[in-house]
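**Student:** Before I ask anything, here is the structure I am working with.
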Amino acid sequence: MEKTIDESKQGQSLVLEEKKGNTRKLFIESYGCAMNFSDSEIVASILSEEGFNTTQSLEEADLVLVNTCSIRDKAEQTVRKRLQKYNAVKRINPKMKVGVLGCMAERLKTKFLEEEKIVDLVVGPDAYKDLPNLLSEVEEGRDAINVILSKEETYGDISPVRLNSNGVTAFVSITRGCDNMCTFCVVPFTRGRERSRDPQSIIEEVNELWSKGYKEITLLGQNVDSYLWYGGGLKKDFDKASDMQKATAVNFSQLLELCAKAQPKMRIRFSTSNPQDMTLDVVETMAKFNNICNYIHLPVQSGSNRILKAMNRQHTREEYFDLIDNIKRILPDCAISHDMITGFPTETEEDHQDTLSLMERVKYAFGYMFAYSERPGTLAERKLEDDIPEAIKKRRLAEIVDLQQEHSKFNTEQFLNQIVEVLIEKESKKSSEHWAGRNEQNTMVVFPKEHYKVGEFVNVYVEDCTSATLIGKAVGLSDNN
Ligand code: SAH
Ligand code: F3S
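Counting from 3, one number per residue, gives the positions in the sequence shown under the numbering used here.
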């Protein structure tokens, strides 16, 4: 079993409010990470200025855009299948144009136009501002492509159109790209070098969200802990910055503090943290502000020092334990989740046992677990043979998924007979009589609706639980409203 991030949303088509006067119809769907979903909101915003309103019906679309993911081969295959579906629709509606956005666009570039005849438009993650020009080319009957990666944050000045929003929670991107070069990972190639967004524009977005009624934001980046604003430019060029720029630079813990102070009632989350870049001042800032949620997604990928080294993860198992111990010391009720890969090249049974024992030691609240998928162009693909048979990768994956299941149950049971604060997000998927929302540790909580409303903070007494969900009863509004 493979667990992907936010499975419920994968491939969901996105709809936004109609802009009056717009006559063209855009169907946009997203795969992969939260950053893609957030980028699609930027794309919708750019295209709403070009006369496009979104539609949920593929059949009536003038323009179909798919925001793609390259992280594993399976993610790419899913997109290829969707292209076949678009092809079938295009036979009925030949005027429909099809564009590919995101990581597959960046990875495959012109190859996409050669391999998939249906595709008219290929746009990499940093080139969305060029969409109006690219669309004019497509309308004149030419294929169009822009996959140039940028040195600047790129979209800081665009106010994203919130797609399919519950009106309560929103993503705010703070960095783009990644410089870490984990040997298995395609992200540094598809999303380019790391750069940070001006804190001023981040705070403005947070304030705007609050004024529109949003109650929770997630600051997004491939590696949020390495956020560093010194006036623009790539993170790797920070050494060349002036003394003045260095003295006034803003790091991630300072950014967190700025956000927490700007809107003291807004719940603040962030994702993703990287053990090698996370510093304790971030954890201390979390402890200082009640509105920063006690939850850290802290991928580790493997419990074996030998494999961590081969993955170019810049920390050992022991250093990771130190970080975990410090987090638990400073924030005793902090939930921690992980990403793990089984079957990285050369992984032995002993390495796999190290992963299981690391999980036993940390007892994560939840996790996203994957079988290794070789990605073209990565260092692992060039230097190492993908030598672990699929059946072994899958068996090891099943073992870590089972262990995680036990730990998840162990973690949810800790909330039994306790009162947790929940931000109501939506109706429960399983019952129209119940609300669903998360506590600050990011665990889903469901409870009878009574007179409560979406967007309210409610205290819920937890009576029962599964490994993924707390089930309870509201005992009143929390002080946070
Ligand atoms: N820092 C990023 C990580 C992106 S990739 C973030 O914001 O979440 C998400 C997860 O996918 C990684 O943590 C890793 O566990 C998994 N992954 C990445 N490349 C992979 C590969 N080649 N095969 C299997 N899983 C992979
Ligand atoms: Fe990928 Fe490692 Fe960056 S997993 S996104 S290269 S931190």
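Backbone N, C-alpha and C define an ideal beta-carbon position, used for all residues, glycine too.
Confirm, please, whether the CB-CB distance from Gly233 to Gln247 is below 7 angstroms.
**Tutor:** By one-based count along the sequence shown, residue 247 stands at place 245. By one-based count along the sequence shown, residue 233 stands at place 231. For Gln247 and Gly233, yes; Cβs fall inside 7 angstroms.
**Student:** Cα-Cα, which of Lys22, Leu418, Ser339 and Pro378 is closest to Leu110?
**Tutor:** Stepping through the sequence shown from its first residue, residue 110 is reached at position 108. Comparing Cα positions, the closest option is Pro378.
**Student:** Return the bridge partner residues of Pro450 from the DSSP annotation.
**Tutor:** What you label residue 450 is simply residue 448 of the sequence shown in a count that begins at 1. For Pro450, which the question treats as bridged, DSSP gives the partners His436.
**Student:** Please go through the same chain and pick out, in chain order, the residues whose beta-carbon is closer than 6 angstroms to the beta-carbon of Val477, but skip the five residues on each side of it.
**Tutor:** Along the sequence shown, read from residue 1 onward, the residue named residue 477 stands at position 475. Asn461 and Tyr463.
**Student:** Using beta-carbon positions only, say whether Ile176 and Tyr130 come within less than 7 angstroms of one another.
**Tutor:** In the sequence shown, the residue the question calls residue 176 occupies position 174. In the sequence shown, the residue the question calls residue 130 occupies position 128. Not a contact, by the Cβ cut-off of 7 angstroms.
**Student:** Could you give the uninterrupted runs of the alpha helix (DSSP H) lying entirely in the region 346-406, keeping only those of 4 residues or more?
**Tutor:** 351-364 and 381-385
**Student:** Reducing DSSP to helix, strand and coil, say where Ile332 ends up.
**Tutor:** Mapped onto the sequence shown, residue 332 falls at position 330. Helix.
**Student:** Quick check: Arg197 and Glu155, are their CB atoms within less than 7 angstroms of each other?
**Tutor:** Stepping through the sequence shown from its first residue, residue 197 is reached at position 195. Stepping through the sequence shown from its first residue, residue 155 is reached at position 153. For Arg197 and Glu155, yes; Cβs fall inside 7 angstroms.
**Student:** Comparing alpha-carbon positions, which option in Cys295, Arg82 and Glu117 lies nearest Glu442?
**Tutor:** Numbered from its first residue, the sequence shown carries residue 442 at position 440. Nearest C-alpha to Glu442: Cys295.
**Student:** Excluding the 5 residues flanking Cys184 on each side, which residues of the same chain have their C-beta closer than 7 angstroms to its C-beta?
**Tutor:** Residue mapping note: residue 184 aligns to position 182 of the sequence shown, counting from 1. Excluding residues within five positions, the ones whose Cβ falls inside 7 angstroms are Met313, Asn314 and Arg315.
**Student:** Indicate the three-state DSSP secondary structure (helix, strand or coil) for Arg319 in the structure shown.
**Tutor:** In the sequence shown, the residue the question calls residue 319 occupies position 317. Residue state, collapsed to three classes: helix.
**Student:** Counting C-beta neighbours from all protein chains within 10 Å, is the total for Asp227 16 or more, i.e. buried, or is it exposed?
**Tutor:** Numbered from its first residue, the sequence shown carries residue 227 at position 225. Buried is the call here.
**Student:** Pro127 and Glu52 - do their beta-carbons sit closer together than 7 angstroms?
**Tutor:** Taking the sequence shown and counting its residues from 1, the one referred to as residue 52 is at position 50. Taking the sequence shown and counting its residues from 1, the one referred to as residue 127 is at position 125. Result no, Cβ atoms of Glu52 and Pro127 do not sit closer than 7 angstroms.
**Student:** When every heavy atom of the ligand SAH is checked, does at least one fall within less than 6 angstroms of the C-beta of Thr192?
**Tutor:** For the purposes of this step, residue 192 is taken as the residue at position 190 of the sequence shown. No.
**Student:** Classify Asn296 as helix, strand or coil using the three-state DSSP reduction.
**Tutor:** The residue given as residue 296 occupies position 294 in the sequence shown. Note: Asn296 maps to coil in three-state DSSP.
**Student:** Straight-line CA distance for Glu428 to Val170?
**Tutor:** Within the sequence shown, the letter at position 426 stands for residue 428. Within the sequence shown, the letter at position 168 stands for residue 170. Correcting the residue type first, residue 428 is Lys in the shown sequence and not Glu. Using only the alpha carbons, I get a separation of about 9 angstroms.
**Student:** Just how far apart, CA to CA, sit Ala90 and Asn24?
**Tutor:** As a position in the sequence shown, residue 90 is number 88, starting the count at 1. As a position in the sequence shown, residue 24 is number 22, starting the count at 1. Those two C-alpha atoms are separated by around 26 angstroms.
**Student:** Met183 by DSSP, collapsed to three states: which one?
**Tutor:** Taking the first residue of the sequence shown as position 1, residue 183 is located at position 181. Residue state, collapsed to three classes: coil.
**Student:** Taking the beta strand (DSSP E) that Leu85 belongs to, which residues open and close that run?
**Tutor:** Translated into positions along the sequence shown, residue 85 becomes position 83. Taken as a continuous stretch (DSSP letters only), Leu85 belongs to no beta strand (DSSP E), being part of the alpha helix (DSSP H) at Asp75 to Ile94.
**Student:** Assign Phe323 to one of two classes, buried (16 or more other C-beta atoms within 10 Å of its C-beta) or exposed (fewer than that).
**Tutor:** For the purposes of this step, residue 323 is taken as residue 321 along the sequence shown, with counting starting at 1. Per the 10 Å Cβ criterion, exposed.
**Student:** Leaving out the 5 sequence neighbours to the left and right, which residues in its chain are closer than 7 angstroms to Tyr366 when beta-carbon positions are compared?
**Tutor:** As a first step, residue 366 is located in the sequence shown; it is residue number 364 there, counting from the start. Taken in chain order, the residues that qualify are Ile338, Ser339, His340, Gln406 and His409.
**Student:** Quick check on the burial criterion: 16 or more other C-beta atoms within 10 angstroms. Buried or exposed for Lys76?
**Tutor:** Numbered from its first residue, the sequence shown carries residue 76 at position 74. Lys76 is exposed by the Cβ-count criterion.
**Student:** Would you mind stating whether Glu423 and Phe459 have Cβ atoms separated by less than 7 angstroms?
**Tutor:** Taking the sequence shown and counting its residues from 1, one reaches residue 423 at position 421. Taking the sequence shown and counting its residues from 1, one reaches residue 459 at position 457. Yes, the Cβ-Cβ distance between Glu423 and Phe459 is below 7 angstroms.
**Student:** Alpha carbon to alpha carbon, how far is Ser306 from Gly101?
**Tutor:** Position 304 of the sequence shown holds residue 306. Position 99 of the sequence shown holds residue 101. Between the alpha carbons of Ser306 and Gly101 lies a distance of about 41 angstroms.
**Student:** In angstroms, rounded to a whole number, what distance separates the CA positions of Lys83 and Gly457?
**Tutor:** Residue numbering aside, residue 83 sits at position 81 when the sequence shown is read from its first letter. Residue numbering aside, residue 457 sits at position 455 when the sequence shown is read from its first letter. Their Cα atoms are separated by approximately 37 angstroms.
**Student:** So what does DSSP say about Lys238, is it helix, strand or coil?
**Tutor:** Within the sequence shown, the letter at position 236 stands for residue 238. Helix.
**Student:** Compare the C-alpha of Met106 against each of Asn95, Lys97 and Val121 and name the closest.
**Tutor:** For the purposes of this step, residue 106 is identified with residue 104 of the sequence shown, where counting begins at 1. Comparing Cα-Cα distances from Met106 to each of Asn95, Lys97 and Val121, the minimum goes to Val121.
**Student:** With a CB to CB cut of under 7 angstroms and the five nearest residues on each side skipped, what residues in its chain are close to Gly345?
**Tutor:** Here residue 345 refers to the residue found at position 343 when the sequence shown is read from its first residue. Counting only Cβ-Cβ distances below 7 angstroms, and skipping sequence neighbours, we find Ala373, Tyr374, Ile390, Ile394, Lys395 and Arg398.
**Student:** Is the beta carbon of Asp245 within less than 6 angstroms of some heavy atom of the ligand SAH?
**Tutor:** Here residue 245 is taken as the residue at index 243 of the sequence shown, counted from 1. Not under cutoff, so the answer is no.
**Student:** Compare the Cα-Cα distances from Trp231 to each of Lys217, Ser213, Ser203 and Lys214 and report the closest residue.
**Tutor:** As a working note, residue 231 is residue 229 in the sequence shown. Residue Ser203 is the option with its Cα nearest to Trp231.
**Student:** Would you tell me roughly how many angstroms separate the C-alpha atoms of Gln265 and Glu218, rounded to the nearest one?
**Tutor:** Counting from one through the sequence shown, the residue named residue 265 turns up at place 263. Counting from one through the sequence shown, the residue named residue 218 turns up at place 216. Using only the alpha carbons, I get a separation of about 10 angstroms.
**Student:** Taking a contact to mean a Cβ-Cβ separation below 7 angstroms, would you say Ser40 touches Ser32 in this structure?
**Tutor:** Here residue 40 is taken as the residue at index 38 of the sequence shown, counted from 1. Here residue 32 is taken as the residue at index 30 of the sequence shown, counted from 1. Not in contact: Ser40 and Ser32 (Cβ atoms no closer than 7 angstroms).
**Student:** Looking at the secondary structure, which residues open and close the alpha helix (DSSP H) in which Met106 lies?
**Tutor:** Here residue 106 refers to the residue found at position 104 of the sequence shown. Its alpha helix (DSSP H) spans residues Cys105 to Leu110.
**Student:** Taking the beta carbon of Thr350 as the centre, do at least 16 other beta carbons fall within 10 Å, making it buried, or is it exposed?
**Tutor:** As a working note, residue 350 is residue 348 in the sequence shown. Looking at its Cβ environment, which holds fewer than 16 other Cβ atoms inside 10 Å, Thr350 is exposed.
**Student:** Taking Cβ positions only, does Asp327 come closer than 7 angstroms to chain C?
**Tutor:** The structure shown contains no chain C; it holds only a single protein chain.
**Student:** Give the secondary structure of Ile147 by DSSP, where H, G and I count as helix, E and B as strand, and everything else as coil.
**Tutor:** Reading the sequence shown from its first residue, position 145 is the one you call residue 147. In this structure, Ile147 counts as strand in the three-state DSSP scheme.
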